[in-house]
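Written out below as C-alpha cells is the structure these notes cover.
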Amino acid sequence: MTERDGQPPRTDTQGYAWAEAELQRTGQVDYGNWVPAALMGTLLVASGILLLVLSLLLIMWANQAVLAVVGVLCLLALALTGYLELCRRRFAFDGGRLMGAMHQLVVDNLDWDGRGELLDIGCGAGALTIRCAKTFPGGRFTGIDRWNPKWSHAREQCEHNARAENVDDRVAFVDGDAARLDAPDGAFDAAVSNFVFHEVRSEPDKRALVREALRVVRPGGAFSFQDMFGHRRLYGDMEAFVQELRDGGVTQIEYIPRTESVAGAPAWIRTPWMLKGAGIIHGRK
Numbered sequence: 001m002t003e004r005d006g007q008p009p010r011t012d013t014q015g016y017a018w019a020e021a022e023l024q025r026t027g028q029v030d031y032g033n034w035v036p037a038a039l040m041g042t043l044l045v046a047s048g049i050l051l052l053v054l055s056l057l058l059i060m061w062a063n064q065a066v067l068a069v070v071g072v073l074c075l076l077a078l079a080l081t082g083y084l085e086l087c088r089r090r091f092a093f094d095g096g097r098l099m100g101a102m103h104q105l106v107v108d109n110l111d112w113d114g115r116g117e118l119l120d121i122g123c124g125a126g127a128l129t130i131r132c133a134k135t136f137p138g139g140r141f142t143g144i145d146r147w148n149p150k151w152s153h154a155r156e157q158c159e160h161n162a163r164a165e166n167v168d169d170r171v172a173f174v175d176g177d178a179a180r181l182d183a184p185d186g187a188f189d190a191a192v193s194n195f196v197f198h199e200v201r202s203e204p205d206k207r208a209l210v211r212e213a214l215r216v217v218r219p220g221g222a223f224s225f226q227d228m229f230g231h232r233r234l235y236g237d238m239e240a241f242v243q244e245l246r247d248g249g250v251t252q253i254e255y256i257p258r259t260e261s262v263a264g265a266p267a268w269i270r271t272p273w274m275l276k277g278a279g280i281i282h283g284r285k
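Residue 1 is where the sequence shown starts when you use UniProt numbering, and the numbers rise one by one after that.
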C-alpha cells in the first residue's frame, strides 16, 4: 500500500485479479458471468432438440425443404451456443478475466480518497463492491440491487462472496431500485455503477438514472459510472449530456468512450449484440 498526498493508502490491486480468479476457480466465490449459465443451458437443450429432430427427419427421408429449414435452424443454434460459450469464457473471472478488467476501469477512474461510504448501484453478485472494498481498506461499502434469478445473482451470494474475501465487516448489501434510491441527497462520499443503467426497466430515461445516482453523492464526492453510453438511442449525444451535468453543478466530469477496447475486449466481442459502445463518466460532484 502507498500513501498519496496525505490520503489513506489505496491497496495495490495488481495481484487481486489473480487472487480473485483463484477464489472463483476453487468455488470459494461465485461472481457469475455476463452470459448466464441458465441461458447457456437453454441453448444447449434447444440445440440438442434440433439435432434430434434433424436426425429423425433424415431417418424418415423427410421433405427436402423441411430438412433444409431444420438444418439451418440447427446450425444457427449451434453457432450461437458456440459463440456465447466463447464470450462466457472470455468474460469469466477465472478465464479471460474481461469482467474483472471492466470493473477495474471503474475503480481506476474513481478519484476517491477512501474515506467514508461508497455506494455500488446494481451490484449483481458483489464483484465490484468487493473490489472497491479491497482497494480502499479504510472505507465502508453498500451494494444495492433488485436481484433477478435470470442473472444467477442473489443477496445471499453477495454476502457469501464478501465473507470469502474477508471484507464482510465493511460491506452491506440491500435491495433497492436504481431509479429511486432509498437514500437522502448527498448520503454517500462516492458512488460506482457498472453496466446497470441500461438494464433498469423501471425508468426508460437513462439520463434520469445517472442524475439519480449523482443525487446521493455529496458535494465534492467522487463517482465512476460505466454503461452503454455510446448508444445514442439510450443516451443521445454524450458530450451534450456531460455539458448538461456540468451546467447542473457537477464540478468535474469526464467521458471516456469505447472502454471495451481499453479493457482489451477482442473484436468478436466488440459487437452491437454483445459489448460495443461502452463508456465511463467519472469525476467529482
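Ideal Cβ positions, reconstructed from N, Cα and C, are used throughout, including at glycine.
Every value quoted in this text rests on a predicted model; they were computed, and no experiment measured them.
In this structure, Arg140 keeps its C-beta atom at 8 Å or more from the C-beta atom of Glu165. Looking only at Gln104, His103, His153, Glu22, the smallest Cα-Cα distance to Ala37 is reached by His153. Asn194 is bridged by DSSP to Gln226. With a minimum length of 4 residues, the unbroken runs of alpha helix (DSSP H) contained wholly in the segment 217 to 278 fall at 232 to 235, 238 to 247, 259 to 262. Collapsing the DSSP output to three states places Ala172 in a strand. For Gln28, the CB contacts under 7 Å within the same chain, skipping 5 residues up- and downstream, are Ala164 in chain order.
The criterion of a C-beta distance shorter than 8 Å is satisfied by Leu110 and Ser224.
About 6 Å separates the beta carbons of Arg215 and Asp185, which is inside the 8 Å limit, making them a contact pair. In the three-state scheme derived from DSSP, where H, G and I count as helix and E and B as strand, His282 is classed as strand. The criterion of a C-beta distance shorter than 8 Å is satisfied by Val167 and Lys134. Counting only the Cα atoms, Ala46 lies some 14 Å from Ser55. Taking one beta carbon from each stretch, the segment 173 to 192 and the segment 200 to 209 have 3 or more pairs nearer than 8 Å; the two touch.
Distances from the alpha-carbon of Gly124 to those of Thr251, Arg90, Asn33, Arg246 put Asn33 closest. Burial state of Thr129 is buried, judged by a 10 Å Cβ sphere holding 16 or more other Cβ atoms. For Thr142, the pairing in a beta bridge is given by DSSP as Leu119, Ala172.
If you draw a 10 Å sphere on the C-beta of Gln64, you find fewer than 16 other C-beta atoms in it, and that means exposed.
Ile121 is classed as buried because its beta carbon has at least 16 other beta carbons within 10 Å across all chains shown. Looking from the CA of Gly249, the closest CA among Ala127, Arg284, Ala172, Arg232 belongs to Arg284.
The beta carbon of Ala101 sits closer than 7 Å to the beta carbons of Ala263, Gly264 from its chain, once the five residues preceding and following it are set aside; these are given in chain order. Collapsing the DSSP output to three states places Arg88 in a helix. In the three-state reduction of the DSSP assignment, Asp30 falls in the coil class, being assigned neither a helical nor a strand state.
Counted as a single uninterrupted DSSP element, the alpha helix (DSSP H) harbouring Leu23 occupies residues 16 to 25. Straight-line spacing of the CA atoms in Arg146 and Val174 works out to 9 Å. Between Phe93 and Gln157, the C-beta gap is not smaller than 8 Å, which leaves the two residues out of contact. Annotation: Ser202 is outside any alpha helix (DSSP H) and is labelled neither H nor E by DSSP. Here Arg97 carries a coil assignment [DSSP, helix/strand/coil]. Going by C-alpha positions, Val72 is about 10 Å away from Ala79. If you ignore the 5 residues before and after Ala21, its C-beta comes within less than 6 Å of the C-beta of Phe93, Asp94, all in its own chain and listed in chain order.
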